[in-house]
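Start counting at 1 in the sequence shown, then tack on 8, and there's your number in my numbering.
We put the beta carbon where it would ideally sit given N, CA and C, even for glycine.
Keep in mind that this is a model prediction, so the values were computed, not measured.
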Amino acid sequence: MPRTTPRVAMVTGGLNGIGHAIACALASDGTRVAVGARRGDDPEVQAMARDTIAGDAFVRALDVRNETSVETFCCAAEEACGPIDILVNAAGVTLHQALTGHSLGDWRTVIDTNLTGPFLTMKALMPGMINRRWGRIVNIASTAARTAVADHPAYCASKSGLLGLSRAAALEGAPRGVNCVTVSPTWVETEMLRDSAAVMARQSGRDIDAEIADLARANPQNRLVQPEEIAALVAFLCSDAAPAMTMEDISVNAGAHW
Numbered sequence: 009m010p011r012t013t014p015r016v017a018m019v020t021g022g023l024n025g026i027g028h029a030i031a032c033a034l035a036s037d038g039t040r041v042a043v044g045a046r047r048g049d050d051p052e053v054q055a056m057a058r059d060t061i062a063g064d065a066f067v068r069a070l071d072v073r074n075e076t077s078v079e080t081f082c083c084a085a086e087e088a089c090g091p092i093d094i095l096v097n098a099a100g101v102t103l104h105q106a107l108t109g110h111s112l113g114d115w116r117t118v119i120d121t122n123l124t125g126p127f128l129t130m131k132a133l134m135p136g137m138i139n140r141r142w143g144r145i146v147n148i149a150s151t152a153a154r155t156a157v158a159d160h161p162a163y164c165a166s167k168s169g170l171l172g173l174s175r176a177a178a179l180e181g182a183p184r185g186v187n188c189v190t191v192s193p194t195w196v197e198t199e200m201l202r203d204s205a206a207v208m209a210r211q212s213g214r215d216i217d218a219e220i221a222d223l224a225r226a227n228p229q230n231r232l233v234q235p236e237e238i239a240a241l242v243a244f245l246c247s248d249a250a251p252a253m254t255m256e257d258i259s260v261n262a263g264a265h266w
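As structure tokens, this is what we get:
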């Protein structure tokens, strides 16, 4: 029987960068989108999301590091939009520091956001997906999960852990119609990239744009990946057209093997 209601997607970190592009792509495909972000309770932010994502976008505050916040958001989103069929974990942070420069607090901030956060959202939503025997989970990882990037030790560790967590979830969901994959981009043109480039510029005494240009030249395509490219891939993975795409890590690397 054809569906009479749209599917519902939850996108963490959906107010900027890759997450925002993904929320827009899913909404354009007819999916009802629930966006969680720390600024989600700001009326101006909510209005912006309705203007740029969809008029019926559900936007609320979410701290993915906090189990109560995750559970509260999921309950509110499902009450407003219906059962959540699709989960995209796009919220992420990094700190440009050497391993010896990481405080324990900095380490926990990155690990809790990038790894514990997806664990908490999957834990909250997978039971419903399994019961309905359909679900799509896409976790935004990084090429740094496999090859590492200097001065981002917590980020590399968190994204490597996310690969393992996603594979375990894929095995759990596979017999029950629930897919779980990771998408691992190289440098994407986002505010996170600019923040890292700003740190590198302060260390080198160079211009930020010069640092960004070097990052773009570090792959064979000599360019930065755009958020919309990641979003288009994620939208496909979340569709009925990708029933066998699970337990995979898809590298979006512009030709680079790092």
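Among the options, nearest to residue i - alpha-carbon criterion
| i | options | result |
| --- | --- | --- |
| Arg68 | Val233, Leu95, Leu103 and Met18 | Met18 |
| Val260 | Ile61, Ser192 and Ala206 | Ser192 |
| Ala177 | Arg15, Thr102 and Gly143 | Gly143 |
| Val196 | Glu236, Tyr163 and Val118 | Glu236 |
| Thr194 | Ile138, Asn230, Gly185 and Gln211 | Asn230 |
| His265 | Asp114, Cys83 and Thr151 | Thr151 |
| Cys32 | Arg184, Asp49, Pro51 and Phe66 | Phe66 |
| Glu199 | Val118, Gly169, Gly27 and Pro126 | Gly27 |
| Thr60 | Gly181, Val43 and Thr254 | Val43 |
| Leu170 | Pro91, Pro183 and Met255 | Met255 |
Three-state secondary structure assigned by DSSP to residue i
| i | result |
| --- | --- |
| Leu103 | coil |
| Cys246 | coil |
| Ile61 | coil |
| Val72 | coil |
| Gly185 | coil |
| Gly169 | helix |
| Gly109 | helix |
| Ala252 | coil |
| Ser175 | For the record, residue 175 in the displayed sequence is Arg; it is not Ser. Looking at Arg175 - three-state DSSP - the assignment turns out to be helix. |
Between the CA atoms of residue j and residue i - distance to the nearest angstrom
| i | j | result |
| --- | --- | --- |
| Ala29 | Ala250 | 20 Å |
| Val242 | Gly213 | 37 Å |
| Gly22 | Leu123 | 17 Å |
| Ser174 | Tyr163 | 16 Å |
| Glu75 | Leu128 | 6 Å |
| Thr13 | Glu86 | 14 Å |
| Ala158 | Ala226 | 14 Å |
| Ala206 | Ile216 | 6 Å |
| Glu219 | Arg202 | 9 Å |
| Arg116 | Arg11 | 42 Å |
| Glu79 | Ala132 | 7 Å |
| Cys82 | Ser166 | 23 Å |
| Val41 | Leu179 | 26 Å |
| Leu107 | Ala149 | 20 Å |
| Cys246 | Cys188 | 10 Å |
| Ala88 | Gly136 | 16 Å |
| His160 | Ala262 | 21 Å |
| Ala224 | Met208 | 14 Å |
Opening and closing residue of the beta strand (DSSP E) in which residue i lies
| i | result |
| --- | --- |
| Ser204 | Where Ser204 is concerned, there is no enclosing beta strand (DSSP E), although the alpha helix (DSSP H) it sits in stretches over Glu199 to Ser212. |
| Ser259 | Asp257 to Val260 |
| Trp69 | It is worth fixing the name first, because residue 69 is Ala in this sequence and not Trp. Where Ala69 is concerned, the enclosing beta strand (DSSP E) stretches over Phe66 to Ala69. |
Beta-bridge partners of residue i, as assigned by DSSP
| i | result |
| --- | --- |
| Asp159 | Per DSSP, none; premise fails for Asp159. |
| Val196 | Val233 |
| Met18 | Ala42 and Leu95 |
| Thr190 | Asn147 and Asp257 |
First and last residue of the uninterrupted alpha helix (DSSP H) at residue i
| i | result |
| --- | --- |
| Ile30 | Gly25 to Ser36 |
| Asn147 | Not the alpha helix (DSSP H): Asn147 falls in the beta strand (DSSP E), residues Gly143 to Ile148. |
| Thr117 | Leu112 to Ile119 |
| Arg47 | Run containing Arg47: none; DSSP gives neither H nor E here. |
| Gly125 | Gly125 to Arg140 |
| Arg225 | Ile216 to Arg225 |
| Thr76 | Glu75 to Cys89 |
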